[in-house]
Each structure stands twice: as structure tokens, then as C-alpha cells.
Amino acid sequence: MTAPAAEVAVSGRLRRAWERPHAIARALATVDHKQIGLRYIVTAFAFFLIGGIEAGLMRTQLAVPENDFLGPQAYNQIFTMHGTTMIFYFATPMLIGIGTYVVPLMIGTRDIAFPRLNAFAYWVFLFSGIFIYTSFLVEEVPDGGWFAYVPLTGPDYSQGLGMDFWTLGILFLGTSTTAASINFIVTILRMRAPGMAVQRMPLLLWGVLDMAITVLIALPSLTLATLLLALDRTVGTQFYDPAGGGNPLLWQHLFWIWGHPEVYILLLPALGIISTVVAVHARREIVMYPLVAVASIAIGILAFGLWVHHMFSTGLDLLPISFFSAASFTIAIPSGISIFAWIATIYGGRVRFSPSMMFALGFIVTFVIGGITGVMTAMVPFDWQVHDSYFVVAHFHYVLVGGVVFPIFAGLYHWYPKVTGRMTSPALGHAAFWFTFLGFNLTFFPQHIVGMLGMPRRVYTYAEGLGWEIHNLLSTAGYVVLTVGILVMITDFLMSRANGAPAGDDPWEGDSLEWATTSPPPTYNFPYLPVVHSRSPMWDDRTPERGGHIDLVEDPLDEGREVFTTSALDATPDAVLRMPTPSYLPLLAALALTAAVVSMLVEVYVGWVVGIAILGLILAAWLWTSPEDAPQRVAQIRERAHLPVVQLAGPHAPGRWGMILFIVTEGVLFGSTISSYFLLRGDAPSWPVGEVGLPDLVMPAILTGLIVLGSASMFWAQRQVAGGPDEPERPNALRLGLLLAMAFGVAFLALQGYEFWQADFGPTTNAYGSIFFLITGAHAAHLGVAVGMAGWVLIRTWFVSHEPGHRSDIPNVSLFWHFVTALWFLIFTVVYLGVHVL
Amino acid sequence: MSTNEHGFTGRKPRGTHPLILLFAVFGGTMPWTVHLIASYSVANYMCGNDIALWVLHGLTVATAALSVTAFFTALTILRRATRHPSGERTPEEDRDQFLASGGLLLAGLGFMAIIFGETAVVIAGCGP
Numbered sequence: 006m007t008a009p010a011a012e013v014a015v016s017g018r019l020r021r022a023w024e025r026p027h028a029i030a031r032a033l034a035t036v037d038h039k040q041i042g043l044r045y046i047v048t049a050f051a052f053f054l055i056g057g058i059e060a061g062l063m064r065t066q067l068a069v070p071e072n073d074f075l076g077p078q079a080y081n082q083i084f085t086m087h088g089t090t091m092i093f094y095f096a097t098p099m100l101i102g103i104g105t106y107v108v109p110l111m112i113g114t115r116d117i118a119f120p121r122l123n124a125f126a127y128w129v130f131l132f133s134g135i136f137i138y139t140s141f142l143v144e145e146v147p148d149g150g151w152f153a154y155v156p157l158t159g160p161d162y163s164q165g166l167g168m169d170f171w172t173l174g175i176l177f178l179g180t181s182t183t184a185a186s187i188n189f190i191v192t193i194l195r196m197r198a199p200g201m202a203v204q205r206m207p208l209l210l211w212g213v214l215d216m217a218i219t220v221l222i223a224l225p226s227l228t229l230a231t232l233l234l235a236l237d238r239t240v241g242t243q244f245y246d247p248a249g250g251g252n253p254l255l256w257q258h259l260f261w262i263w264g265h266p267e268v269y270i271l272l273l274p275a276l277g278i279i280s281t282v283v284a285v286h287a288r289r290e291i292v293m294y295p296l297v298a299v300a301s302i303a304i305g306i307l308a309f310g311l312w313v314h315h316m317f318s319t320g321l322d323l324l325p326i327s328f329f330s331a332a333s334f335t336i337a338i339p340s341g342i343s344i345f346a347w348i349a350t351i352y353g354g355r356v357r358f359s360p361s362m363m364f365a366l367g368f369i370v371t372f373v374i375g376g377i378t379g380v381m382t383a384m385v386p387f388d389w390q391v392h393d394s395y396f397v398v399a400h401f402h403y404v405l406v407g408g409v410v411f412p413i414f415a416g417l418y419h420w421y422p423k424v425t426g427r428m429t430s431p432a433l434g435h436a437a438f439w440f441t442f443l444g445f446n447l448t449f450f451p452q453h454i455v456g457m458l459g460m461p462r463r464v465y466t467y468a469e470g471l472g473w474e475i476h477n478l479l480s481t482a483g484y485v486v487l488t489v490g491i492l493v494m495i496t497d498f499l500m501s502r503a504n505g506a507p508a509g510d511d512p513w514e515g516d517s518l519e520w521a522t523t524s525p526p527p528t529y530n531f532p533y534l535p536v537v538h539s540r541s542p543m544w545d546d547r548t549p550e551r552g553g554h555i556d557l558v559e560d561p562l563d564e565g566r567e568v569f570t571t572s573a574l575d576a577t578p579d580a581v582l583r584m585p586t587p588s589y590l591p592l593l594a595a596l597a598l599t600a601a602v603v604s605m606l607v608e609v610y611v612g613w614v615v616g617i618a619i620l621g622l623i624l625a626a627w628l629w630t631s632p633e634d635a636p637q638r639v640a641q642i643r644e645r646a647h648l649p650v651v652q653l654a655g656p657h658a659p660g661r662w663g664m665i666l667f668i669v670t671e672g673v674l675f676g677s678t679i680s681s682y683f684l685l686r687g688d689a690p691s692w693p694v695g696e697v698g699l700p701d702l703v704m705p706a707i708l709t710g711l712i713v714l715g716s717a718s719m720f721w722a723q724r725q726v727a728g729g730p731d732e733p734e735r736p737n738a739l740r741l742g743l744l745l746a747m748a749f750g751v752a753f754l755a756l757q758g759y760e761f762w763q764a765d766f767g768p769t770t771n772a773y774g775s776i777f778f779l780i781t782g783a784h785a786a787h788l789g790v791a792v793g794m795a796g797w798v799l800i801r802t803w804f805v806s807h808e809p810g811h812r813s814d815i816p817n818v819s820l821f822w823h824f825v826t827a828l829w830f831l832i833f834t835v836v837y838l839g840v841h842v843l
Numbered sequence: 064m065s066t067n068e069h070g071f072t073g074r075k076p077r078g079t080h081p082l083i084l085l086f087a088v089f090g091g092t093m094p095w096t097v098h099l100i101a102s103y104s105v106a107n108y109m110c111g112n113d114i115a116l117w118v119l120h121g122l123t124v125a126t127a128a129l130s131v132t133a134f135f136t137a138l139t140i141l142r143r144a145t146r147h148p149s150g151e152r153t154p155e156e157d158r159d160q161f162l163a164s165g166g167l168l169l170a171g172l173g174f175m176a177i178i179f180g181e182t183a184v185v186i187a188g189c190g191p
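Below you can see the structure in the form of C-alpha cells.
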């Protein structure tokens with residue numbers, strides 16, 4: 006079948022299967038990626054406006070010297086919330102929102118891999134934003150900067166709830182970002198249209214994939230940093246307190262191990278948007294596609310080697326910081342490859358100067374300036390001169406506004422017709438661009454100069470006669486012009502929604518699959534799933550002499566919410582996946598988590614326990630999905646779609662990939678914790694610190710035996726699961742294995758509790774006690790979760806079908822259990838044996 | 064093995080082994096990561112010790128050698144994948160060509176970053 010997807014008759018069964026719920030359920034229970042993506046975009050834009058208003062308050066204060074519009078405390082609060090809002094609540098969620106809307110359409114499928122997790126991630130983002138802004142209502146606004154350096158933000162210098170709002174809000178939000186990242190990775194790797202092999206993936210997919218992987222590896226470091234700060238502030242641990250053997254530089258290491266990659270977490274999908282916009286509006290494929298795709302991977306990898314370049318002035322020795330200076334130069338190379346590829350594409354193309362293309366061009370100019378000043382600050386002596394000055398403020402706004410916000414605007418203009426079915430006004434679009442572009446440069450370019458003149462950042466006012474007046478006045482004037490640009494854009498979007506010209510399915514003559522369906526797309530996205538044969542399937546469709554066409558899978562996949570899963574590299578179909586239906590559970594789970602976070606803030610720990618327990622119950626209900634038992638359906642699809650290897654999703658379903666990715670991010674979290682242990686130990690005069698004695702080895706040896714027995718029982722239990730027609734499940738043996746594993750796990754936890762009780766030190770004794778209890782306690786919590794999961798699958802053995810090859814719950818739980826066991830070996834080696842041996 | 068009308072088959076692809084591809088793509092940058100972290104740790108905690116400088120040089124030699132190996136692995140895969148003219152290649156060869164091209168860039172970058180780090184050792188020094 007080769008007709009364009011939008012023209013194909015749609016079966017009533019397909020419509021019914023993907024029907025949106027009505028009224029309240031539509032608002033609260035939807036799992037449709039398009040609705041959720043739009044919610045992300047609108048919510049993030051609202052936060053952008055709030056952050057923009059905060060910027061306006063700061064620019065008003067700094068417009069003239071010795072101004073008293075804002076006092077120092079209010080200024081601290083406003084710049085803290087401005088940075089926090091723009092990074093955490095605007096840029097990241099906006100890009101997630103665009104990805105959530107566009108990615109499934111672009112890869113030719115019907116939804117994202119985990120639709121309910123997607124809904125949960127959105128609700129958590131929303132509630133986290135409301136939570137942190139509640140601080141204004143109770144007049145306890147965070148005021149330690151969005152980077153929250155200790156000791157300023159520690160219990161001694163930031164009293165009150167302000168920084169507690171910040172730490173808990175960021176921890177809370179991390180759940181959402183991690184969930185979204187796992188969703189993107191599994192969706193892109195396992196749900197691409199048949200034929201969309203890695204060498205044919207649109208560049209936006211490379212950007213989003215690299216972003217998501219970078220998040221999974223970088224975010225645990227921020228999670229750990231904020232967790233340690235929250236514990237120092239509420240429990241009295243001493244991770245960052247030098248008096249107790251702690252180290253304030255630990256914060257900077259952990260924060261920037263996340264913080265520098267975060268710049269690229271934002272940039273990578275933004276670069277993908279630019280590649281998409283440039284190709285479509287220059288009407289030719291991106292030049293040097295393989296290099297641009299790989300440059301995106303290279304940026305993601307190199308981003309992890311730059312964190313110390315934020316710490317050049319902390320007193321670290323010259324040689325260690327020189328390594329990071331060198332790495333900072335290297336990352337300019339892949340960024341340069343992308344820039345040259347876009348310029349070459351534009352140079353040889355037939356450019357349509359649409360508003361989205363204008364923003365893409367504006368991006369190239371500003372990003373190059375931001376990149377050059379980045380290379381300047383990568384030089385240690387130069388960085389020493391401009392550190393914490395307005396030069397740095399100018400630099401990172403060129404990178405983040407020029408490099409991220411402009412691409413976001415380019416993307417919003419590019420996909421607006423697809424989302425709404427209406428065209429925007431070209432005149433208003435161009436006006437929005439020019440006001441924004443000129444206003445942005447007028448705001449931030451003078452800040453390079455005033456920084457070089459010595460104006461420090463984060464000051465609420467300055468004296469007359471320092472030569473900074475004109476630059477600050479120009480910056481404030483630029484802010485006004487920039488604001489006009491944003492208002493024009495909003496006006497354009499609102500007016501076009503009501504009165505814009507009809508867009509049609511493909512107004513830009515785009516190259517990728519989202520233009521193969523109607524505008525706006527139906528709930529099922531495509532009546533028949535597309536099959537692709539090139540990087541630009543839509544252009545093949547128009548130019549058959551180039552050898553391609555959009556092909557469609559013959560089976561409409563309409564017996565329920567059905568989609569294909571495909572192999573990661575070659576996108577060969579390998580299974581049919583049944584997607585979940587709308588549910589209130591994601592909302593309820595997010596509410597339970599919110600209750601737990603609020604309880605932590607007000608130090609009602611019973612509330613926290615209850616919130617987490619309810620969350621656990623909701624998750625248990627959420628995951629209680631029986632595997633589909635439909636072999637006839639598989640045979641039918643094989644025959645009608647001519648896909649010989651297709652099978653019903655079982656152990657290799659996306660859930661398996663999700664579990665593996667969850668384990669990866671948890672592994673990185675523990676890796677960061679162990680690294681923190683070594684950093685604290687390396688700087689301590691003695692280890693254990695103070696009067697604390699060496700750890701006993703007998704009890705840990707017993708614990709090791711128990712956890713190994715638990716893992717072995719779980720392994721044995723997994724062997725009892727049916728593997729094929731000749732290998733039936735042995736339910737009683739399976740239950741016995743699970744029970745044994747749980748028993749060993751509970752025994753481990755009980756004995757470790759006894760070890761904690763017997764210890765002659767506690768988490769607040771000194772930094773050694775803090776890190777010891779953190780590592781062993783976090784491991785115990787993981788084992789507790791593993792025991793709970795084993796109990797859950799044990800109960801399911803009485804209720805769930807035992808069709809061979811269709812159980813993915815026990816392999817997943819087993820994998821998590823073995824991971825927890827492996828962690829224990831690491832902990833035993835480092836925390837117990839290592840203290841004796843090294 | 065039969066091929067259906069969409070070009071998909073039931074067999075496994077006949078391209079390069081996934082582990083070799085993995086090494087060709089990431090074998091150049093992973094040594095750089097090791098070089099960076101290990102050199103940073105050595106410089107922080109061992110500088111002042113007589114052998115520190117030699118440990119740093121040794122790290123450079125070992126990791127640079129791995130990067131070069133990854134580069135030539137990628138080059139070999141690329142040459143094999145492009146034996147036939149474009150348009151006559153199998154999907155697996157197309158994929159190998161793409162990934163090997165990426166491996167060349169990543170290995171080159173990794174090697175360059177390692178040499179940049181070694182330059183810092185030579186200039187800044189780490190003697191007793």
C-alpha cells in the first residue's frame with residue numbers, strides 16, 4: 006500500500022480504540038502524547054513568562070545606579086527564582102514537550118513508549134512548579150542562587166524554608182525529567198517506523214535521544230547533591246560542613262557534573278530542531294548528515310568532561326584544571342561541524358525566509374558568539390579575570406537564549422500549523438523575530454563589556470561613576486524590546502489559532518513523517534503505520550524518480566491500541582505492542598508524591614511515609630496489567646502485514662528496556678555516591694573521621710551471604726517461568742523461589758538494622774557517619790523496594806496468564822534484584838573492606 | 064531466507080558484529096573519559112610523587128593507543144561497507160557505513176582530547 010497516510014480510509018475500530026475520553030477524564034486521565042506534549046509546552050511557556058517578569062524586575066533595579074526599586078533580599082530571591090525557573094521549569098520541560106508531541110509523529114508511531122509514565126511525568130513537573138512557587142505565598146522564597154552553592158545555602162547561612170523549597174522542588178522535578186528521558190530513549194530506539202534504520206533517523210531524533218541519555222547519566226549527580234544538601238539542612242548530616250569532615254567543594258563537583266552537561270541537555274534537542282527547520286526551509290537535506298548526527302553524540306559525550314571549567318577559581322591545582330581546559334576546547338569541534346553543515350545547507354538551498362527560518366538564522370549568529378566567548382572562558386587565565394562577572398552572564402545567555410530559546414521559537418513556528426491546523430501570520434512572525442533578536446542583543450551584548458569593566462554578577466545595585474551606567478541602561482532598554490517581541494509572538498499564536506489560514510497537512514513541504522498525517526493529527530496519528538526507505542520519506546513521495554515512496558503497513562493494527570516495536574539499529578518490526586488506555590493513576594501517583602514532598606518540607610515525617618506508601622500501592626495497581634494473550638492476532642498480523650518475525654510483546658517489551666534504563670540511572674546515582682565517598686575520604690586527615698573506629702567485618706560478611714542467597718533464589722524462581730511450549734511454568738516452585746528471596750531480603754534488612762543500632766556513631770556524628778549511613782541506607786532502601794516487588798509478582802502468580810514467553814514482570818524484578826546485589830558487593834568492597842585494606 | 068514486500072526478513076542482519084561496531088563507535092571516546100578522570104585523580108592526589116609524571120604519560124600512551132585502534136577498526140568497517148557503489152549496498156552495509164563514519168569522527172576527537180590533556184602535563188608538569 007503506497008498512498009499517503011492521511012488519505013487512507015480509517016476503520017471505525019481504530020477510531021474507537023483511540024477515542025479520547027470526555028470531560029473530566031479528558032482533562033485528568035489522558036495519556037495521549039499530543040495532549041500531554043501541548044500541556045508541557047503551555048505550562049513551560051507560562052513559566053517562561055514568569056521568569057521573564059523576574060528578569061524585568063532585575064533589569065529595572067539595575068537600570069540606574071543606587072536604585073532602591075528592589076532591596077538586596079528581594080533581589081537575591083528574584084535572581085534565584087529567575088535562574089531556577091528558566092533552567093528547570095522552562096527550557097528543559099519545553100524541549101521535553103516539543104519532543105513529546107513531535108517524536109512519535111516523526112517516527113511514525115501512535116504514542117510514546119510509556120504513555121502513563123508520560124502523563125505522570127507531566128503532573129510531577131506541574132506540581133513541582135506549583136510547589137516551588139508556593140514559596141512566594143509563604144514568604145520563604147529561595148535566595149541562594151539557582152546554583153545553590155554551599156555553605157551559603159547550608160543550615161548556618163540560609164535559615165528558614167527558602168532553600169528547602171528549592172532542594173525538595175528540584176529533587177521532586179528530577180523524577181519527572183528521568184521518567185521523560187526513559188520514555189524518549191525507549192520510544193526512539195524501539196518504536197521507529199519499520200525501515201527507519203539508524204542511518205535514516207531524522208536529526209531531531211538524534212538530538213532528543215542524546216539529550217535523554219545525557220539526562221540519565223548526568224541528573225543523578227544533581228539528585229545526589231540536592232539530597233545531601235536537604236539532609237544537611239533537615240537531619241543535620243555533615244556532608245558539606247568542613248567542621249565535621251565535610252567538603253563544600255563536593256557540592257560544586259556534584260552540581261557541575263550535572264550542570265555542565267545540562268547546557269548540552271538543552272542544546273542537543275535544540276540543535277535537532279535547527280537541523281529540522283534548516284532542512285525543510287532550505288528545501289534540501291542537511292549536508293554531511295552522518296557527521297551532524299555523530300557531532301550530536303560527540304557533544305553529549307564530551308559534555309561530561311567539562312564540569313571543572315566552572316571551578317577554575319576555586320583553588321584547585323593548575324594541572325588538574327588544565328585537563329578540563331583542554332577538554333573545553335575540544336567540544337568546539339563537533340559544535341563547529343554542525344554550524345558549517347547548516348551554513349552549507351542554507352548556501353546551496355532554496356531558502357524560504359519563514360519566521361521559523363529567521364529564528365534558525367538568528368540562532369546561528371548568537372550561538373556562534375556564545376561559543377566563541379565559551380572558548381575564551383575555557384582559557385584558565387581569562388576565566389580568572391572574568392569569573393563571576395557580567396561577562397559570564399552575557400556568555401551563558403548567548404548560549405542559552407541564542408542556543409536554546411531561539412531554536413524553541415523556531416520549532417514553535419515550524420510545528421504550529423501541524424498542531425493547530427492553522428498558519429501563523431508571516432508579518433507578525435517576522436516582527437516577533439526582529440524585536441526578539443534585536444532586543445536580545447541589545448540586552449546582553451553590553452553585558453560583555455560591563456563585565457570586562459569589572460561589574461560582578463548577582464549584585465543588587467552599583468555605585469555611580471564606575472562607567473557601568475550606560476551599559477546597564479542599554480541592557481534594560483533591550484529587555485523592553487525583547488519583551489515586545491515575545492508579546493507579538495503570543496499575539497500571533499493566539500490570533501492565528503482563531504483566524505489563521507488553514508494549513509493543510511503539509512504546508513512547509515516537510516521531509517519527515519509528521520507531515521504525512523492530518524493537521525492536527527488524529528488521536529491514532531496514522532490510520533496505517535508508515536514504512537520508510539530513506540532519510541526524507543516525504544520528499545521521496547514527491548520525487549519517485551529518486552527511488553522511494555511512503556509505504557504503509559497493510560494491517561491497520563486496530564484491534565486495540567496497537568503499534569509495532571522495531572529493532573534498535575535496523576528498525577525491523579519484531580513485536581506488536583498493546584498501548585495502555587487513559588487512566589487517573591498517573592495523576593494520583595503524582596499527587597501522592599506531592600504529599601510526600603510537602604510533608605518533608607514541613608517535617609511531618611509520618612506524612613512522608615504515608616505518601617510514599619500510597620505511591621507504592623498506586624504503582625502496584627498501575628503495573629497490574631495482564632500480558633495480552635492473543636496468538637491468533639499475531640498470526641493474523643504476520644499474514645496481513647507480511648512481517649515474518651513479528652510476535653506479541655513479552656520479555657523484550659519496552660518494559661524490559663525501561664527497567665534496564667532505570668537501573669542505569671540508579672547505578673550512576675550510586676557511582677556518584679561512591680565517588681563522593683572517595684572525595685570526602687581523600688580530603689580527610691584520617692578515615693574514619695574523628696573517634697569513629699574501623700567498621701566490623703563479620704556482620705557485613707553475613708549480610709553478603711544473605712543477599713547472595715536472595716539473588717540465587719530469585720534466579721531460581723526466574724528459571725521456573727515458562728520459556729516455551731515444551732517448557733511449562735512451574736507455579737509452586739516459582740512461588741517458593743520468590744518467598745525464599747523475600748525471606749533472605751528481610752533477614753538482610755533486619756540484620757542491617759541491628760548493625761545500625763549497634764554502631765557507636767550516627768549520620769550526624771561527622772562526614773564519615775553521614776556518607777556511611779547514606780550509602781548503606783540507600784542500598785537498604787533499594788533492597789526494601791526489591792522485596793516489595795518480589796511480593797507483588799508473587800501475588801500476581803495467582804492471577805496472571807502463564808502463556809510461554811509472555812511474562813516480563815519476573816525477569817524485570819529479577820534483574821533489579823541482581824542489580825541490588827551487585828551494588829552490595831561494591832559497597833562491601835569500598836565501605837567495609839576498603840577502610841581496612843587501603 | 065525470504066524477503067517480504069517491505070524488504071524485511073526473518074534473519075539476523077549480516078553486517079558487522081554488534082560488539083565490533085560498538086568498539087568502532089565508542090572505542091575512541093571512552094578511553095578519553097578514562098584518561099580525563101584518571102589523570103585528574105592522579106594530578107590531584109599523586110603530584111609531588113616521583114612516579115606521578117610517568118603514570119600520567121603511561122595513561123596517555125595506553126588510552127591514545129586504544130583510540131587509534133578504534134579509529135582503524137572504524138576505517139576497516141567503512142572500507143568493507145563501501146566496497147560496492149552507493150545504491151547497490153545492503154541495508155546492513157548502509158548502517159555500517161554510517162556508524163563507522165561516526166566512529167572515525169569520535170575516535171579522532173577522543174585522540175585529540177587525550178593529546179590535549181598530555182600537552183597540559185608537558186607544559187604544567189607534575190614533578191616532585
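Top to bottom, those sequences are chains A and B. Residue numbering for the first sequence follows my numbering, starting at 6 and increasing by one per position. Residue numbering for the second sequence follows my numbering, starting at 64 and increasing by one per position. C-beta atoms are modelled at their ideal positions from N, C-alpha and C, and glycine is treated no differently. Here the structure is a predicted model, which means the values were calculated and not measured.
Between the Cα of residue i and those of the options, spot the shortest distance and give me the residue it belongs to.
| i | options | result |
| --- | --- | --- |
| A:Val-47 | A:Leu-499, A:Val-818, A:Arg-21, A:Ala-573 | A:Leu-499 |
| A:Tyr-682 | A:Gly-251, A:Thr-90, A:Ala-30, A:Arg-44 | A:Gly-251 |
| B:Tyr-108 | A:His-476, A:Ala-34, A:Gly-687, A:Trp-662 | A:Gly-687 |
| A:Trp-23 | A:Leu-779, A:Arg-740, A:Arg-583 | A:Arg-583 |
| B:Leu-85 | B:Val-185, B:Phe-134, B:Arg-152 | B:Phe-134 |
| A:Val-697 | A:Tyr-610, A:Phe-777, A:Val-370, A:Gly-17 | A:Phe-777 |
| A:Ile-351 | A:Ala-365, A:Met-494, A:Leu-194 | A:Ala-365 |
| A:Gln-757 | A:Phe-667, A:Ala-399, A:Leu-745, A:Ile-707 | A:Ile-707 |
| A:Met-63 | A:Val-581, A:Pro-542, A:Val-485, A:Leu-557 | A:Val-485 |
| A:Arg-844 | A:Thr-528, A:Ala-783, A:Pro-659 | Shown here, chain A extends from 6 to 843; a query on residue 844 of chain A therefore has no answer. |
| A:Leu-131 | A:Gly-483, A:Ser-588, A:Thr-90, A:Leu-232 | A:Thr-90 |
| A:Phe-125 | A:His-419, A:Arg-238, A:Leu-745, A:Ala-594 | A:Ala-594 |
| B:Ala-170 | B:His-80, B:His-120, B:Ala-87, B:Thr-79 | B:Ala-87 |
With 16 as the cutoff for other CB atoms within 10 Å, does residue i come out buried or exposed?
| i | result |
| --- | --- |
| A:Gln-725 | buried |
| A:Gly-200 | buried |
| A:His-865 | Residue 865 of chain A lies beyond the residue range present for chain A, which begins at 6 and ends at 843; the question has no answer from this structure. |
| A:Pro-77 | exposed |
| A:His-315 | buried |
| A:Gly-552 | Unreliable positioning characterises A:Gly-552 in this predicted model, as indicated by a pLDDT of 49, which lies under 50. A coordinate reading is not provided. |
Under the criterion of a Cβ to heavy atom distance below 7 Å, does residue i qualify as lining the ligand GTP?
| i | result |
| --- | --- |
| A:Ala-755 | Looking at this structure, you won't find the ligand GTP or any other ligand, since it has none at all. |
Helix, strand or coil: which one does DSSP assign to residue i?
| i | result |
| --- | --- |
| A:Asn-530 | coil |
| A:Arg-583 | strand |
| A:Glu-760 | helix |
| A:Thr-97 | helix |
| A:Glu-567 | strand |
| A:Arg-121 | helix |
| A:Val-536 | strand |
| A:Arg-31 | helix |
Segments of 3+ residues assigned as beta strand (DSSP E) that fall wholly inside the segment 604 to 630 of chain A: As far as the segment 604 to 630 of chain A is concerned, it has no whole beta strand (DSSP E) run of at least 3 residues.
Every unbroken beta strand (DSSP E) inside the segment 261 to 293 of chain A [3 residues or more]: Runs of the beta strand (DSSP E) lying entirely within the segment 261 to 293 of chain A and spanning at least 3 residues: none are present.
The segment 341 to 351 of chain A touching the segment 423 to 430 of chain A, judged by at least three CB pairs closer than 8 Å: no
Segments assigned alpha helix (DSSP H), at least 4 residues, entirely inside the segment 80 to 129 of chain B: 81 to 89, 92 to 108
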